[in-house]
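In UniProt numbering, the protein residues as written are 1 to 175.
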């Protein structure tokens with residue numbers, strides 16, 4: 001391969017400006033290294049985008065959430081945490097109807113000592129729809145997490161902040 005062909009291959013691998021503009025215009029992402037980080041969620045939601053051929057863009061969305069025991073002030077029994085993880089994973093992979101475009105997802109769920117990472121992948125020729133769908137997946141994981149919070153524990157940040165916001169929006173009743 002000549003030097004010019006090398007340069008052309010590198011240019012083809014670069015992310016089109018239309019994708020960077022779509023993230024910038026969306027309002028809920030900031031550039032962070034080789035991807036974008038969600039600025040509207042309490043959890044670590046990140047998106048990487050790369051050319052997928054034929055004008056399509058591949059978006060890889062990863063959301064990291066704390067294990068229940070990492071978000072509580074007191075001890076959580078192993079059996080409670082295992083049941084919570086099982087339920088959370090089932091809910092987090094059931095993504096139907098969340099995105100603007102119907103998509104088949106095969107999410108990867110990885111459990112670490114004190115967190116769970118859920119990764120979704122999607123491709124789209126419409127970069128704005130892809131960015132919207134990436135944001136919707138991040139919001140979905142956050143909502144799914146909050147729905148699964150077990151009453152009776154004292155939660156720490158960021159979960160306590162999410163519960164407080166939910167109480168305020170719901171008129172102060174139980175969450």
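Beta carbons: idealized from backbone N, C-alpha and C, even for Gly.
Being a predicted model, the structure only gives us computed values, none of them experimental.
Taking the alpha-carbon positions, what's the residue i to residue j distance?
| i | j | result |
| --- | --- | --- |
| residue 19 | residue 75 | 44 Å |
| residue 72 | residue 155 | 4 Å |
| residue 157 | residue 79 | 23 Å |
| residue 164 | residue 146 | 11 Å |
| residue 34 | residue 16 | 14 Å |
| residue 167 | residue 153 | 16 Å |
| residue 30 | residue 36 | 5 Å |
| residue 14 | residue 28 | 23 Å |
| residue 68 | residue 120 | 22 Å |
| residue 116 | residue 169 | 27 Å |
| residue 66 | residue 84 | 12 Å |
| residue 111 | residue 91 | 15 Å |
Return yes when the Cβ of residue j is within less than 7 Å of the Cβ of residue i, no when it is not.
| i | j | result |
| --- | --- | --- |
| residue 59 | residue 143 | no |
| residue 107 | residue 98 | no |
| residue 125 | residue 21 | no |
| residue 45 | residue 150 | no |
| residue 95 | residue 88 | no |
| residue 227 | residue 122 | The question about residue 227 has no answer, for the chain in this structure spans 1 to 175. |
What's the call for residue i, buried or exposed, on a 16-neighbour Cβ count within 10 Å?
| i | result |
| --- | --- |
| residue 38 | buried |
| residue 77 | exposed |
| residue 118 | buried |
| residue 49 | buried |
| residue 41 | buried |
| residue 127 | buried |
Would the C-beta of residue i count as close to the ligand COA, meaning under 6 Å from any of its heavy atoms?
| i | result |
| --- | --- |
| residue 65 | No copy of the ligand COA occurs in the structure displayed, which carries no ligand at all. |
Beta strand (DSSP E) segments (min. 3 residues) lying fully within the stretch 40-118: 44-53, 56-66 and 108-111
Stretch pair the stretch 60-69 + the stretch 118-135: three plus CB contacts closer than 8 Å: yes
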